[in-house]
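To start, the structure under review is shown below, and the notes come after it.
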Amino acid sequence: MRFERDKKTVKMFSYSTMAMSYGIMINFLNVNIFNFYTDEVLLNINYIPIIMTIYAIWNALNDPLFGIISDKIKTPWGRRFPFILFGFIPFTLSFLAIWFLPPSLIISKTNIKSVIGFTNFLFPSFISAKSQLLQNTVNILFHPYVRGVNQNYIFIYMVSFLLIFDTLFTMVVMSWQTLFPEKFKEDKERSYVAAITQTIRLLGIVFALVFPPLLIEYGDIDSYRLPILILVIVVFLGFLFSLYGSRDEAKEVDKEIEVREEKEDEKKGRTNLQAINDVLKNKNLMAFTVAIGMSNIAFLILMAMVRYMNKWVLVQEARFETYINAVAFAVGLLTFIVWAKISIKRGPKLVYIASGAMFFLSLLPLAFAGEGWGWVVLILMVFVGFSISGLLLIPDILLAEIIDEDVKKSGEKREGLIYGVYGFAIRIAIVFESYLITFVLNRTKFDPLASEQAPLAKTGIKMLMVGVPAVCFIIGIVLMIFYYDLSRKKIEKKYNRNFSIFH
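Counting from 790, one number per residue, gives the positions in the sequence shown under our numbering.
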């Protein structure tokens, strides 16, 4: 008995380590991708809305389509595990390709500095008096190349590998996520595994956000290479350990095949479009999807705007940004167990409402922030970190409830499609985040080259940091209160069936 219990615990931890691997990659990408391409590779910022539009259209097709395909796959290893096993290495390589551009595409600040440095070495007396003239001359010389046809090649390269990365992300991560409701059946078990998973994921996020800046030098594109390679090594180790716990259960595979064969005649004639239509009519799924999408917009904007707030509003040195992130994520790591216990006793819906309210209320004082507010911000980050752990904990638990209801109602297993809709909401949040930041900063006349921002620009930064999360969470909380009405007990009572038939 003890051996079986220990074996199950090892499987739980093994399953959870995948969260660290994908958490490192996706969060490093979310925080650094646009700054890297616009500031280091020197892609014109006007390309970014075009890239995000293409990305959004692809996501609208990619996630649900793969969900349908994976739901119909039958192999001796299950429906999900083959995608994880054979997709992870290409997934990791596509992540590397985003950052390791061909040298022929790169005309960065590093190159410009090299030209200035070499000229300074040859003509020191001239340069000391004419440094600004030289800078302008070098920029003019590089301008046709940087702003010309090479921009199109960089644009094509970035779009291509972002879409490849996103496709493989869907293949690997969604396959892994859809194992959750199949492998873990009870509410207590789900809350426990979700707490382990999100704790490990948060460790990955902290590593992805705190470690690379220690080695990266802004303006030196080569300085990105070593930290990214170290990230990939950690990612790969997490993947290897996750294989043991990420297999489809053998009993579940046999049960699925048996149930499918029994229902083959009943499901004949049903099309994929009908399945999508059924899922999109699911009131609880739609409420959950929009609410989680709102929380992700708020979270992504917070992560992106910390640097702006620190530099332009608090007027702190760069290392203070690390303190802000460290406090928030350290508190998050320590408080997962608190939210897990609340989820077990009161349900995951309450966790979303409480942690969402705490998140945006904790940020409200930043509307009045200014120089000298450093310690106040660190105190506020304690409450933000506490709320983040709750928001990271509950998506898988809520999705498991939604999938339970869908199985009870339809008699079909459509985890892949449901997770596809969820995955689309998660990544479409990146699109909204980029548009909101671009729109607000442009409208408030933010100038990245200024030594100090105008009051209107500082107001724009505060609006993004405070106002947007408040609106997002008010929408999300209203949806969860008035439109999401599931619990495991309610599903059992409503459909009066034994879960073991399907799970």
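From the three backbone atoms N, C-alpha and C, an ideal C-beta is built for every residue, glycine too.
Here the structure is a predicted model, which is why all the values come from computation and not from measurement.
Going by beta carbon distance, what residues of the same chain come within less than 6 angstroms of Trp866, once the five residues before and after it are set aside?
-> Non-local C-beta neighbours of Trp866 in its own chain, meaning closer than 6 angstroms and more than five positions away in sequence, are absent.
Can you name the start and end residues of the alpha helix (DSSP H) that Ser1144 belongs to?
-> That run of the alpha helix (DSSP H) goes 1137–1152.
Using beta-carbon positions only, say whether Ser1084 and Trp1128 come within less than 7 angstroms of one another.
-> No, Cβ-Cβ distance for Ser1084 and Trp1128 is not below 7 angstroms.
Please state whether DSSP places Asp768 in a helix, a strand or coil.
-> Lying before the first or after the last residue shown, residue 768 is absent from the chain, which here runs from 790 to 1292.
Counting pairs of beta carbons, one from the region 876–893 and one from the region 987–1004, are three or more of them closer than 8 angstroms?
-> The region 876–893 makes no contact with the region 987–1004: fewer than 3 CB pairs, one atom from each, lie closer than 8 angstroms.
Whole-angstrom C-beta distance between Met1254 and Met1092, which should lie under 8 angstroms = Separation of the CB atoms of Met1092 and Met1254 is rounded to 11 angstroms, and the pair is thereby denied contact status at 8 angstroms.
Quick one: what does DSSP say Asn819 is sitting in, helix, strand or coil?
-> Look at Asn819 here: in three-state DSSP terms it is helix.
Give every residue of the same chain whose Cβ lies closer than 8 angstroms to the Cβ of Ile985, excluding the five residues on either side of it in the sequence, and list them in chain order.
-> Once the five neighbours on either side are set aside, the close Cβ partners of Ile985 are Met801, Phe802, Ser805.
Can the beta-carbon of Ile1090 be found closer than 7 angstroms to that of Ala845?
-> Note that the C-beta distance between Ile1090 and Ala845 is not below 7 angstroms.
Assumed close pair Pro1001, Phe817 - CB separation to whole angstroms, cut-off 8 angstroms | Going by Cβ atoms, the distance from Pro1001 to Phe817 rounds to 7 angstroms, so yes, they are a contact pair.
Considering Trp888, what are the terminal residues of the alpha helix (DSSP H) in which it resides?
-> Taken as a continuous stretch (DSSP letters only), the alpha helix (DSSP H) holding Trp888 covers 870–888.
Decide yes or no for the touch test of the region 1262–1275 against the region 1143–1156: beta carbon pairs closer than 8 angstroms, at least 3 of them.
-> Contact holds: three or more Cβ-Cβ distances are below 8 angstroms.
What is the DSSP secondary structure of Thr967, counted as helix, strand or coil?
-> Three-state DSSP puts Thr967 in coil, outside helix and strand.
Do the region 1153–1167 and the region 966–975 make contact, defined as three or more Cβ pairs closer than 8 angstroms?
-> Contact between the region 1153–1167 and the region 966–975 is absent, with fewer than three C-beta pairs closer than 8 angstroms.
For Asn824, count neighbouring C-beta atoms within 10 Å of its own C-beta (all shown protein chains included) and say buried if the count is 16 or more, exposed if not.
-> So Asn824 counts as exposed.
Same chain, Cβ closer than 7 angstroms to Ile1192, neighbours up to 5 away in sequence not counted = Correct list, in chain order: Pro970, Glu1204, Ile1207.
In chain order, what residues of the same chain have a beta carbon less than 7 angstroms from the beta carbon of Lys1072, not counting five sequence neighbours either side?
-> Take Lys1072, set aside five residues on each side of it, and the residues of its chain with a beta-carbon closer than 7 angstroms to its own are Tyr1272, in chain order.
Under a Cβ-count criterion, where at least 16 other Cβ atoms within 10 Å of its own Cβ denotes burial, should Asn835 be classed as buried or exposed?
-> It counts as exposed.
Give me the Cα-Cα distance between Ile1022 and Ile813, rounded to the nearest whole angstrom.
-> The alpha-carbon atoms of Ile1022 and Ile813 are separated by roughly 11 angstroms.
If you measure from the CB of Met1147, is any heavy atom of the ligand GDP nearer than 6 angstroms?
-> Of ligands this structure carries none, so the ligand GDP is not represented either.
Whether Leu1015 touches Leu1004 by CB criterion (7 angstroms) = The criterion of a C-beta distance shorter than 7 angstroms is satisfied by Leu1015 and Leu1004.
Secondary structure of Trp847, DSSP reduced to three states = Here Trp847 sits in helix by DSSP.
When you compare each of Asn941, Gly1209, Val1165, Val1140 to Leu1180 by their alpha carbons, which one comes out closest?
-> Closest in alpha carbon position to Leu1180, among Asn941, Gly1209, Val1165, Val1140, is Val1140.
Compute the Euclidean distance between the alpha carbons of Ser883 and Ile953, then round it to the nearest angstrom.
-> Cα to Cα, Ser883 sits roughly 7 angstroms from Ile953.
Can you say whether Ala1064 is buried or exposed, counting buried as having 16 or more other CB atoms within 10 angstroms of its CB?
-> Classified as buried, Ala1064 has 16 or more neighbouring CB atoms from the shown chains inside 10 Å of its CB.
Per-residue DSSP class, three states only, for Gly1034 | For Gly1034, the secondary structure class from DSSP, reduced to helix, strand or coil, is coil.
C-alpha gap between Tyr826 and Leu832, whole angstroms | So the two alpha carbons sit approximately 6 angstroms from each other.
Assuming Ser1132 and Ser980 form a contact by the criterion Cβ under 8 angstroms, report the distance between their Cβ atoms to the nearest whole angstrom.
-> At roughly 5 angstroms, the Cβ-Cβ gap stays under 8 angstroms, so Ser1132 and Ser980 are in contact.
Quick one: measure Cβ to Cβ for Tyr1224 and Met841, integer angstroms, because I've assumed they're closer than 8 angstroms.
-> Rounded, the Cβ-Cβ distance is 7 angstroms, consistent with contact.
Separation of Asp955 from Leu1122, as counted between CA atoms | Going by the C-alpha atoms only, they are around 27 angstroms apart.
Under a three-way DSSP split, which group does Glu1006 fall into?
-> Coil, per DSSP.
Go to Tyr1211, then tell me how far its alpha helix (DSSP H) extends in each direction, as first and last residue.
-> It spans 1204–1232 - the alpha helix (DSSP H) in which Tyr1211 sits, taken as one unbroken run.
Rounded C-alpha distance that separates Met807 from Arg868 = Taking the straight line joining both Cα atoms gives about 17 angstroms.
In or out: Trp888 buried (at least 16 other Cβ within 10 Å) or exposed?
-> Trp888 counts as buried, since at least 16 other C-beta atoms from the protein chains shown sit within 10 angstroms of its C-beta.
Please classify Ile1171: does DSSP put it in a helix, a strand, or coil?
-> A small correction: the amino acid at residue 1171 is Val; Ile does not occupy that position in the sequence shown. In this structure, Val1171 counts as helix in the three-state DSSP scheme.
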